[in-house]
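Read through the structure below, which is laid out as structure tokens, and then see the notes.
Residue numbers (the working numbering): 1 to 521.
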């Protein structure tokens, strides 16, 4: 009896040590993972043209040692003619090696990074402020429509918010243990390979963060600091060379191990000081309306992080500005670090014409600041206020989830070429030229056909070479056509299902796959 009583007492003591906030976060994280992996690869169905190209480049590098432009391990892809960020493709390669070139396989890296970002936000806010606020902020991110949507498909630029938060988390940890600065430098360095538009953003942000921390003696010039600078410089160097190549300062670099390509049409003018007013207006519109009209980025009626979040953001912004300016000379404050993230996000938004994904680095700082607003509001209003706000967000989350996993697929399906993959699979069972509607992106055909990159390079003909956005006329056995006036009886046709009756009248066998049909004799 005594032993049983001692065991029960020991169990009670262990349970008392378990932090309720840890349990709440564990539930939030499990829900977040579930909502990101449920029907993964099926919603959104089909594939986006950009993620298709990322996947095909990964497949080509893995199997042929070169990308679709013939470069070995490029630091930046020439894809489309004007380039594409590379890190996402390199992260896809192990999953393609294991599972093959499948839609769900190439989306795994984005999903993993997104889930880890939620964990990183919890750890970061706990490190900077407290665990209760960390639960609130990670909860807001876990159910944010923007973050759920980006985690379920593979747009390469959407890797950037995750790596920036990883970098910030390890930076904050590095203020207490300098060795963590190595990891922070690695994460910030890798973020540069996620999205080209943050190239001016990251170094200025780091200078501001480091300068502020040096001022308050949180960072010292020591071995760890110097090595961290070397790590970032080493990771940034290939991209510096890439800029020199594409500004025609030096020639392109091609080796068997890595390449720095000269793009046919580099989009170097995307970052500009000429349209600051218009860019600010557009950015403000996106943040307030929480929609950019692109259904793969946001859903009207649900927003980026729900419309009820904006008032809390205003409250949170007021609080952190107030805290930041109070006794600013004498005390180090994490509010300043958080403000730097927000200000730099706004700065980036002034330099480019924005849509939701182009300023994706600003949303997590907004969500954290909104969490501060909720936290402070509930401090004054009491526990019932927090319960009421939690129920409100759960309700919005439930409504969004019901829409996303039902009606949303019908909305997004045409934009993700749903049905083309099945049509190409069917076409590969037949001999002859495959004529494809030119509204279908050639990257989607490359992806679904698993085209040999050597054959692609040998046979590709472009309609508009060189150009910022290349369009192919043909490659291999595939030819892209606008109309069906001159029909090849030996050909196979993949067109919109609107052409179904036309091909049936011409005596073709017609099979329908979602938005497309395949016709053959």
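Note that beta-carbon positions come from the ideal geometry of N, C-alpha and C, so glycine has one too.
Counting only the same chain and skipping the five closest in sequence on each side, list residues whose C-beta sits under 6 Å from that of residue 454. Answer for residue 454: no residue qualifies.
Taking Cβ positions, are residue 165 and residue 117 nearer each other than 7 Å? Contact flag set, yes.
For residue 181, which residues in the same chain have their Cβ closer than 6 Å to its Cβ, ignoring the five residues on either side in sequence? Excluding sequence neighbours, residue 181 sits near 174, 224, 228.
Would you kindly report the start and end of the unbroken alpha helix (DSSP H) that includes residue 384? Start and end: 383–404.
Contacting residues, own chain, Cβ-Cβ under 6 Å from residue 491 (five flanking each side not counted): A distance below 6 Å between beta-carbons, with the five flanking residues on each side excluded, links residue 491 to the following residues of its chain, in chain order: 432, 433, 435.
Any beta strand (DSSP E) of 3 or more consecutive residues that is wholly inside the region 401–479: Those beta strand (DSSP E) runs which fall completely within the region 401–479 and span 3+ residues are 434–437, 472–475.
In angstroms, rounded to a whole number, what distance separates the CA positions of residue 407 and residue 301? Rounded to the nearest angstrom, the two C-alpha atoms are 13 Å apart.
Inter-residue spacing [alpha-carbon to alpha-carbon] between residue 81 and residue 409: One Cα belongs to residue 81, the other to residue 409, and the distance between them is close to 30 Å.
Spatial neighbours of residue 312 in its chain, beta-carbon cut-off 6 Å, leaving aside the 5 residues before and after: Within the same chain, Cβ atoms closer than 6 Å to the Cβ of residue 312 are found at 370, 373, 374, the five residues on either side in sequence being excluded.
Would you mind reading off the limits of the beta strand (DSSP E) that contains residue 510? Unbroken beta strand (DSSP E) run through residue 510: 509–513.
How long is the line joining the alpha carbons of residue 308 and residue 396, rounded to whole angstroms? Rounded to whole angstroms, the separation of the alpha carbons of residue 396 and residue 308 is 9 Å.
Please list, in chain order, all residues of the same chain as residue 265 whose beta carbon is under 7 Å from its beta carbon, the five residues on each side excluded. Excluding positions up to five away in sequence, the list reads 81, 82, 466, 467, 468.
How about residue 517 and residue 497: do their beta carbons lie closer than 7 Å? Cβ distance < 7 Å, so residue 517 and residue 497 count as in contact.
For residue 64, which residues in the same chain have their Cβ closer than 7 Å to its Cβ, ignoring the five residues on either side in sequence? Within its own chain, the residues whose Cβ lies closer than 7 Å to the Cβ of residue 64, once the five positions on either side in sequence are excluded, are 453, 454, listed in chain order.
Distance between beta carbons of residue 88 and residue 109, contact taken as under 8 Å: Their Cβ separation, rounded to whole angstroms, is 6 Å, which keeps residue 109 and residue 88 in contact under 8 Å.
Could you give the uninterrupted runs of the alpha helix (DSSP H) lying entirely in the region 266–329, keeping only those of 4 residues or more? List check, alpha helix (DSSP H) in window: 276–289, 309–325.
Where do the N-terminal and C-terminal ends of the alpha helix (DSSP H) with residue 502 fall, by residue? Following the DSSP letters along the chain, one finds residue 502 inside the alpha helix (DSSP H) bounded by residues 500–505.
For the ligand NAP, is there a heavy atom less than 6 Å away from the beta-carbon of residue 314? For the ligand NAP, the structure offers nothing, since it holds no ligand at all.
Beta-carbon separation of residue 444 and residue 39 under 7 Å? Going by beta carbons, residue 444 and residue 39 fall outside the 7 Å limit.
Assigned secondary structure, residue 159 (DSSP; H/G/I helix, E/B strand, else coil): Reduced to three states, the DSSP call for residue 159 is helix.
Quick test of your reading: residue 365 and residue 338, contact by CB under 8 Å. State the CB separation rounded to the nearest angstrom. With a Cβ gap of about 6 Å, residue 365 and residue 338 count as contacting.
Determine the direct distance from the alpha carbon of residue 258 to that of residue 104, and round the result to whole angstroms. Roughly 28 Å between the two C-alpha positions.
Measuring only the C-alpha atoms, how far is residue 176 from residue 218? Between residue 176 and residue 218, the C-alpha separation is close to 8 Å.
Would you give the residue range spanned by the beta strand (DSSP E) that residue 496 belongs to? Run containing residue 496: 492–496, per the beta strand (DSSP E) assignment.
Span of the alpha helix (DSSP H) holding residue 105? Per DSSP, the unbroken alpha helix (DSSP H) holding residue 105 starts and ends at 103–106.
By the DSSP assignment, the alpha helix (DSSP H) with residue 71 in it spans what residues? Segment: none, residue 71 is in no alpha helix (DSSP H) and carries neither H nor E.
Determine whether the beta carbon atoms of residue 184 and residue 167 lie at a separation below 7 Å. Their beta carbons are under 7 Å apart, which means residue 184 touches residue 167 by this criterion.
Which word fits residue 147, buried or exposed, when buried means at least 16 other C-beta atoms lie within 10 angstroms of its C-beta? The residue is buried, with at least 16 neighbouring Cβ atoms inside 10 Å.
Quick check on DSSP: helix, strand or coil for residue 1? Residue placement at residue 1 is flagged as unreliable, the pLDDT there being 49, under the threshold of 50; a coordinate-derived value is accordingly withheld.
Run through the DSSP bridge pairs and tell me what residue 77 is partnered with. 84, per the DSSP bridge assignment.
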